[in-house]
Amino acid sequence: MKNLAVLGATGSIGDSTLSVCRHNPDLYNVQFLYAASNVEKMHSLCIEFKPKYVALSNTKAALALSSLLNESQLDCQIIPEHEVLALLGSDEVDSVMAAIVGAAGLKTTLASIYAGKEIFLANKESLVMSGALLIDAVNQHGATLWPVDSEHNAIFQSMSPTLQNEIGRCDLEANGVSKILLTGSGGPFLDKPLDEFDAISPEMAIKHPNWSMGPKISIDSATMMNKGLEYIEARWLFNTKKDQLQVIIHPQSVIHSMVQYQDGSVISQMGNPDMRIPIAHVMGDNSRIKSGAKPFDFFATDSFTFLEPDYKRYPCLKLAIQTCYEGQNSTTILNAANEIAVQAFLEKKIKFTQISNIVDSVLNQLTYPAASSIEALLEIDKIARSTAFNIIHRGEF
Ligand code: NAD
Ligand code: MG
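Residue numbers for the sequence shown, in our numbering: 1097 to 1493.
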């Protein structure tokens, strides 16, 4: 039985993780639940899972949760935010589901890595931000990094054990891999006429045709920035060169990604679009445990189709692929500017089409020498956020 910390416990990945825990009560003890501010949901999770520790990053919410826990006489210790990193580094935690959304997840992901834990990585933004530094830390501290993102998990499942053991430093060529094919649905606007893009509302963008996810990743899926972030994520997880990684649109979201080998074989992982499948795969230690997902019905599905991405429709995808080869600073800036622009779009301060303009402007305004520490990257992240914020505030996009 492993002690599990679920970071981002009240979110969409948190839901799926805890659902997998319900299906496998003998595998994991839910030891620590952490989220931002959803008091009611955290309280009901505490009633159900009885974690030893719980924390909310929002101080007011933490106080409210504390009195609810007292009222319900739950033996669950609420810890202040500044003690979270130490808890993750302690012997009380074996495995960590890193599912906080955005760059806010970086510190907890890194603390878990520095403590040599088993990390289930859903928080792709932390890898996009810190790339080589994060991978180096995994190797240096003997941590185990499992890809949770459905595409990266599918790629992992389609690889040989040798490559699976070399996460972050795979030698693809030596293991016969010619290309990694990263699939994406194309989101809700795959067929929408381009001249209607200006009128896209957050409500329209958030409705993903296949996946049910949190608001930020749903908007990223509509712009395909999500696939761009995943491109960068794949570059680091699988140590790809430019010609070894390609994005393919597959609107049905059944093939979750593929690995093409030099002998012509293509190996893929398929299934319903349900995050409990990759989560069960990593939590089951690369074996097959119950996930609660429905089995895929081949007779109830349309044909499978594949398309090349059109960058006029998905300028964010193009920006992300470009920055991937410009270096760590650029991907940190891209990620930070995107988080601010997506938030502004969700708050109806900017149009859907302006998300990419803002990210592009921030990338053009900021140039830095290569950052060699996490502190330097966090500083760049901060500056990129304020630059994006100012661009939006002054309407300069
Ligand atoms: P979500 O918005 O549903 O949930 C986010 C969670 O993070 C919430 O529990 C929230 O309280 C918590 N959180 C936010 N800021 C925090 C902070 N400062 N401190 C502590 N907790 C904080 O998001 P999601 O869809 O579950 O996505 C989570 C991560 O997983 C993202 O990085 C996303 O890209 C990745 N991911 C999600 C999916 C999916 O299907 N939802 C698939 C692949 C990868
Ligand atoms: Mg994904």
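We put the beta carbon where it would ideally sit given N, CA and C, even for glycine. Note that the structure is a prediction, hence the values are computed from the model and not measured.
Could you say which of the options lies nearest to residue i if we only look at CA atoms?
| i | options | result |
| --- | --- | --- |
| ILE1436 | SER1426, THR1427, GLN1418, VAL1455 | VAL1455 |
| THR1279 | ASN1261, GLY1324, PHE1395 | GLY1324 |
| ALA1131 | SER1115, SER1349, HIS1119, SER1108 | SER1108 |
| VAL1048 | SER1191, SER1186, ASP1171 | Nothing in the structure corresponds to residue 1048, since the chain is present only between 1097 and 1493. |
| LEU1129 | THR1113, SER1426, THR1401, LYS1408 | THR1113 |
| VAL1197 | LEU1164, ALA1105, SER1274 | ALA1105 |
| HIS1075 | SER1133, SER1364, ASP1316 | Since the first and last residues shown for the chain are 1097 and 1493, residue 1075 lies out of range. |
| PHE1285 | ILE1263, SER1361, GLN1356, ASP1406 | ASP1406 |
| ILE1143 | LEU1403, LEU1123, GLU1167 | GLU1167 |
| SER1208 | VAL1189, ALA1389, ALA1396 | VAL1189 |
| GLU1262 | SER1133, ASP1245, VAL1234 | VAL1234 |
| LEU1474 | LEU1442, ILE1429, ALA1484, THR1449 | ILE1429 |
| SER1349 | LEU1159, PRO1305, TYR1327, THR1419 | PRO1305 |
| GLY1264 | GLU1443, GLY1110, ILE1328, ILE1451 | ILE1328 |
| ASP1339 | GLY1380, LEU1277, ASP1287 | LEU1277 |
| ALA1301 | HIS1489, LEU1103, ASP1171, LYS1444 | LYS1444 |
| PRO1243 | LYS1275, GLN1236, GLN1260, SER1256 | GLN1260 |
How would you label residue i, buried or exposed, when you count the other beta carbons within 10 angstroms and need 16 or more for buried?
| i | result |
| --- | --- |
| SER1492 | Per the sequence presented here, residue 1492 reads as Glu, with Ser not at that position. Classification for GLU1492: exposed. |
| SER1399 | exposed |
| LYS1220 | buried |
| VAL1362 | exposed |
| GLY1360 | exposed |
| ASN1460 | exposed |
| ASN1322 | buried |
| LEU1100 | buried |
| PHE1394 | exposed |
| PRO1391 | exposed |
| ALA1318 | buried |
| LEU1217 | buried |
| ASN1486 | exposed |
| PHE1448 | buried |
| GLY1238 | exposed |
Is any heavy atom of ligand 4 found at a distance shorter than 7 Å from the C-beta of residue i?
| i | result |
| --- | --- |
| TYR1130 | Among the ligands modelled here, namely ligand 1 and ligand 2, ligand 4 does not occur. |
Original post:
Are three or more beta carbon pairs between the stretch 1177-1191 and the stretch 1149-1157 nearer than 8 Å?
Top reply: yes
**OP:** Could you please go through the chain and list the residues whose beta-carbon is closer than 7 Å to any non-hydrogen atom of ligand 2?
**Re:** ASP1245, SER1246, GLU1247, ASN1322, GLU1326
**OP:** Kindly confirm or deny that the stretch 1138-1147 and the stretch 1216-1231 touch, where touching means at least three C-beta pairs closer than 8 Å.
**Re:** no
Subject >> Minimum length 4: unbroken alpha helix (DSSP H) runs contained in the stretch 1228-1276 >> reply: Taken in chain order, the complete alpha helix (DSSP H) segments of 4 residues or longer contained in the stretch 1228-1276 are 1246-1253, 1257-1260.
Original post:
Taking one C-beta from the stretch 1294-1311 and one from the stretch 1382-1391 each time, how about it: are there three or more such pairs within less than 8 Å?
Top reply: no
**OP:** Decide yes or no for the touch test of the stretch 1432-1449 against the stretch 1345-1355: beta carbon pairs closer than 8 Å, at least 3 of them.
**Re:** No: the two stretches stay apart, fewer than three of their Cβ pairs being nearer than 8 Å.
Subject >> Start-end ranges of the beta strand (DSSP E) lying completely within the stretch 1135-1167, minimum 3 residues >> reply: 1149-1152
Subject >> At least three beta-carbon pairs within less than 8 Å, the stretch 1416-1434 to the stretch 1462-1478 >> reply: yes
**OP:** Could you pull out every unbroken alpha helix (DSSP H) segment of at least 4 residues lying fully inside the stretch 1375-1429, listed in chain order?
**Re:** Taken in chain order, the whole alpha helix (DSSP H) runs of length 4 or more contained in the stretch 1375-1429 are 1411-1420.
**OP:** Could you name each continuous beta strand (DSSP E) segment of 3 residues or more that falls completely within the stretch 1266-1337, going from the start of the chain to the end?
**Re:** Listed in chain order, the beta strand (DSSP E) elements of length 3 or more contained wholly in the stretch 1266-1337 are 1273-1280.
Original post:
What are the uninterrupted segments assigned as beta strand (DSSP E) that are 3 or more residues long and contained completely in the stretch 1183-1222, given in chain order?
Top reply: 1191-1194, 1214-1217
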